[in-house]
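Asker: Numbering that gives the first Met the number 0 puts the first residue of the sequence shown at 0, with every later residue one more than the last.
Pasting in a structure now, in structure tokens, and then I'll have a few things to ask.
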Amino acid sequence: MPRLLTGLLGAAGGAVAAAAGTRALRRYPPGGAARWTRTNHAGRPISLLEGPGYVLGSAAGALAAAVVAGEARDAGPALLATTGAGLAGLLDDLAGDSSSKGLKGHLGALRRGQVTTGAIKIGALGVTGLAAAALEDRRAGRVLGLSTLLGAGVIAGSANLGNLLDLRPGRAGKATVLAGILPALRGEPAAAGAVGAALGVLPGDLAGATMLGDTGANAAGALIGSALVARTGVVGRFLTLALLAGLTLASERISFTAVIESTPGLRELDAWGRG
Numbered sequence: 000m001p002r003l004l005t006g007l008l009g010a011a012g013g014a015v016a017a018a019a020g021t022r023a024l025r026r027y028p029p030g031g032a033a034r035w036t037r038t039n040h041a042g043r044p045i046s047l048l049e050g051p052g053y054v055l056g057s058a059a060g061a062l063a064a065a066v067v068a069g070e071a072r073d074a075g076p077a078l079l080a081t082t083g084a085g086l087a088g089l090l091d092d093l094a095g096d097s098s099s100k101g102l103k104g105h106l107g108a109l110r111r112g113q114v115t116t117g118a119i120k121i122g123a124l125g126v127t128g129l130a131a132a133a134l135e136d137r138r139a140g141r142v143l144g145l146s147t148l149l150g151a152g153v154i155a156g157s158a159n160l161g162n163l164l165d166l167r168p169g170r171a172g173k174a175t176v177l178a179g180i181l182p183a184l185r186g187e188p189a190a191a192g193a194v195g196a197a198l199g200v201l202p203g204d205l206a207g208a209t210m211l212g213d214t215g216a217n218a219a220g221a222l223i224g225s226a227l228v229a230r231t232g233v234v235g236r237f238l239t240l241a242l243l244a245g246l247t248l249a250s251e252r253i254s255f256t257a258v259i260e261s262t263p264g265l266r267e268l269d270a271w272g273r274g
């Protein structure tokens, strides 16, 4: 099966599954709609159920791409990345508070002896990244070692970056599509699932009716990280991790929204499609 067709079929499956899953969850919200309703940046109510819908859709898309290619086990790292990161984000979505924000805030709370849900999520993303990177390296016949540790950092760092971008309607989804479209078209299961699911939930996100939340944004980022890990070695993983670390540290001092809104091209792309 040609890689292009594999990627397209995986993405299509992810889009359909994510859209249908989100609709079903909003119709029958676990624990009631209020449990999943938050207030967005514009002061309007918005549903977090897009996040679980995204996780379901991306997993379905990654599995579909791998099955079509005749190698179902190739979906293992992607399935682990999206479910692990999604569950870590779900904890923060449903049980988190705003007393500590950002990496600096959560680590500062830990130094004071306070364990926040954000700190738990950071640890969970690290474990998820390590497990997914190890599974990918074992699948590819690589020796587990420094490269695997770097891969874990890439997956966890990408998951965190996805969450940092989920501050305006459609922003994280667009970033996922742009970052994942090329590996998706090459048949990479993680990228196909990530891009397809993003396209499936993007209309509701752009309309301001739903949002990825930590559940979906962490899962999307982890999938993009997993796709990168699948196609890079020590050098590529090191450079990617250095870039992710730089962006994470910059986010503690600089508003990504302010940078985007003051940069021609980025500003128009960010605003495109919003209702």
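Using N, Cα and C, we set each Cβ at its ideal position, and we do this for glycine too.
It should be emphasised that the depicted structure is a prediction, and the values quoted were computed from it without experimental measurement.
Going along the chain, which residues of its own chain have a beta-carbon closer than 8 Å to the beta-carbon of residue 266, five neighbours each way excluded?
Answerer: Counting from one through the sequence shown, the residue named residue 266 turns up at place 267. Cβ within range, chain order: 259, 260.
Asker: Specify the secondary structure class of residue 121 as computed by DSSP and reduced to three states.
Answerer: Translated into the one-based positions of the sequence shown, residue 121 becomes position 122. Of the three classes helix, strand and coil, the one that applies to residue 121 here is helix, per DSSP.
Asker: Mark residue 144 as exposed unless 16 or more other C-beta atoms lie within 10 angstroms of its C-beta, in which case mark it buried.
Answerer: To locate residue 144, count along the sequence shown from 1; it is residue 145. Under this definition residue 144 is an exposed residue.
Asker: For residue 280 and residue 238, what's the separation of their Cα atoms in angstroms?
Answerer: This structure gives no information on residue 280, because the portion of the chain shown stretches from 0 to 274.
Asker: When the Cα of residue 117 is compared with those of 218, 89, 142, which residue comes out closest?
Answerer: Walking along the sequence shown from the start, residue 117 turns up at place 118. Checking every option, the nearest Cα to that of residue 117 belongs to 89.
Asker: With a threshold of 16 other CB atoms inside 10 Å of the CB of residue 263, please say whether the residue is buried or exposed.
Answerer: The sequence position of residue 263 within the sequence shown is 264, counting from 1. Classification of residue 263: exposed, given that the 10 Å Cβ count is below 16.
Asker: Can the beta-carbon of residue 218 be found less than 8 Å from the beta-carbon of residue 54?
Answerer: Here residue 218 is taken as the residue at index 219 of the sequence shown, counted from 1. Here residue 54 is taken as the residue at index 55 of the sequence shown, counted from 1. Yes, Cβ-Cβ distance for residue 218 and residue 54 is below 8 Å.
Asker: Let me confirm a value: residue 149 is counted as buried when at least 16 other C-beta atoms fall within 10 Å, else exposed. Which label applies?
Answerer: Position 150 of the sequence shown holds residue 149. With 16 or more Cβ atoms within 10 Å of its Cβ, residue 149 is classed as buried.
Asker: Give the straight-line distance between the Cα atoms of residue 133 and residue 147, rounded to the nearest whole angstrom.
Answerer: Reading the sequence shown from its first residue, position 134 is the one you call residue 133. Reading the sequence shown from its first residue, position 148 is the one you call residue 147. Using only the alpha carbons, I get a separation of about 6 Å.
Asker: Rounded to whole angstroms, what's the CA-CA distance from residue 244 to residue 191? Just pull it up for me.
Answerer: Walking along the sequence shown from the start, residue 244 turns up at place 245. Walking along the sequence shown from the start, residue 191 turns up at place 192. Answer to the nearest angstrom: the Cα atoms are 25 Å apart.
Asker: Report the residue ranges of all beta strand (DSSP E) runs contained in full by the stretch 148-188; include only those spanning at least 3 residues, in chain order.
Answerer: Those beta strand (DSSP E) runs which fall completely within the stretch 148-188 and span 3+ residues do not exist here.
Asker: Compute the beta-carbon to beta-carbon distance between residue 47 and residue 231, rounded to the nearest angstrom, for a pair I have assumed lies under 8 Å.
Answerer: For this step, residue 47 is matched to residue 48 along the sequence shown. For this step, residue 231 is matched to residue 232 along the sequence shown. The pair is not a contact, with the Cβ atoms about 32 Å apart (cut-off 8 Å).
Asker: Less than 8 Å separating the beta-carbons of residue 13 and residue 212?
Answerer: Taking the first residue of the sequence shown as 1, we reach residue 13 at position 14. Taking the first residue of the sequence shown as 1, we reach residue 212 at position 213. Contact: no.
Asker: Rounded to the nearest angstrom, what separates residue 187 and residue 180 at their Cα positions?
Answerer: Looking up residue 187 in the sequence shown gives position 188. Looking up residue 180 in the sequence shown gives position 181. For residue 187 and residue 180, the distance between alpha carbons rounds to 10 Å.
Asker: Run the CB neighbour count on residue 26, radius 10 Å, all protein chains shown included, and call it buried at 16 or more, exposed below.
Answerer: The residue you call residue 26 lines up with position 27 of the sequence shown. When all chains shown are included, residue 26 counts as exposed.
Asker: Which of helix, strand or coil does DSSP assign to residue 127?
Answerer: As a working mapping, residue 127 is identified with position 128 in the sequence shown. Residue state, collapsed to three classes: helix.
Asker: If we count the other Cβ atoms within 10 Å of its Cβ and call it buried at 16 or more, is residue 37 buried or exposed?
Answerer: For the purposes of this step, residue 37 is identified with residue 38 of the sequence shown, where counting begins at 1. By the 10 Å Cβ count, residue 37 comes out exposed.
Asker: From the DSSP output, read off the bridge partner residues of residue 44.
Answerer: For the purposes of this step, residue 44 is taken as the residue at position 45 of the sequence shown. According to DSSP, which records beta bridges pairwise, residue 44 is partnered with 38.
Asker: For residue 233, tell me which candidate among 197, 153, 91, 58 has the shortest Cα-Cα distance.
Answerer: The count along the sequence shown starts at 1 and reaches residue 233 at position 234. Comparing Cα positions, the closest option is 153.
Asker: Considering only their Cβ atoms, is the gap separating residue 189 from residue 77 smaller than 8 Å?
Answerer: Here the question's residue 77 lines up with position 78 in the sequence shown. Here the question's residue 189 lines up with position 190 in the sequence shown. Their beta carbons are under 8 Å apart, which means residue 77 touches residue 189 by this criterion.
Asker: Hey, would you say residue 205 sits closer than 8 Å to residue 272, going by beta carbons?
Answerer: Translated into the one-based positions of the sequence shown, residue 205 becomes position 206. Translated into the one-based positions of the sequence shown, residue 272 becomes position 273. The answer is yes: Cβ separation under 8 Å.
Asker: Could you spell out the range, first to last residue, of the alpha helix (DSSP H) harbouring residue 27?
Answerer: Stepping through the sequence shown from its first residue, residue 27 is reached at position 28. First-last for residue 27: undefined, no H or E at that position.
Asker: What are the residues that DSSP puts in a beta bridge with residue 209?
Answerer: Counting from 1 along the sequence shown, the entry for residue 209 is found at position 210. For residue 209, which the question treats as bridged, DSSP gives the partners 46.
Asker: Between residue 16 and residue 70, what straight-line distance do the alpha-carbon atoms span, to the nearest angstrom?
Answerer: As a working mapping, residue 16 is identified with position 17 in the sequence shown. As a working mapping, residue 70 is identified with position 71 in the sequence shown. Approximately 21 Å, taken between the alpha carbons.
Asker: Given residue 39, which residues of its chain have a CB within under 6 Å of its CB, disregarding the five upstream and five downstream residues?
Answerer: Here residue 39 refers to the residue found at position 40 of the sequence shown. Hits under 6 Å: 45.
Asker: Rounding to the nearest angstrom, what Cα-Cα distance links residue 52 and residue 224 in this structure?
Answerer: For the purposes of this step, residue 52 is identified with residue 53 of the sequence shown, where counting begins at 1. For the purposes of this step, residue 224 is identified with residue 225 of the sequence shown, where counting begins at 1. Between residue 52 and residue 224, the C-alpha separation is close to 20 Å.
Asker: Within this structure, are the beta carbons of residue 60 and residue 19 separated by less than 8 Å?
Answerer: To locate residue 60, count along the sequence shown from 1; it is residue 61. To locate residue 19, count along the sequence shown from 1; it is residue 20. Not in contact: residue 60 and residue 19 (Cβ atoms no closer than 8 Å).
Asker: With a 10 Å radius around its C-beta and 16 neighbouring C-beta atoms as the bar for buried, classify residue 135 as buried or exposed.
Answerer: Position 136 of the sequence shown holds residue 135. Residue 135 is buried by the Cβ-count criterion.
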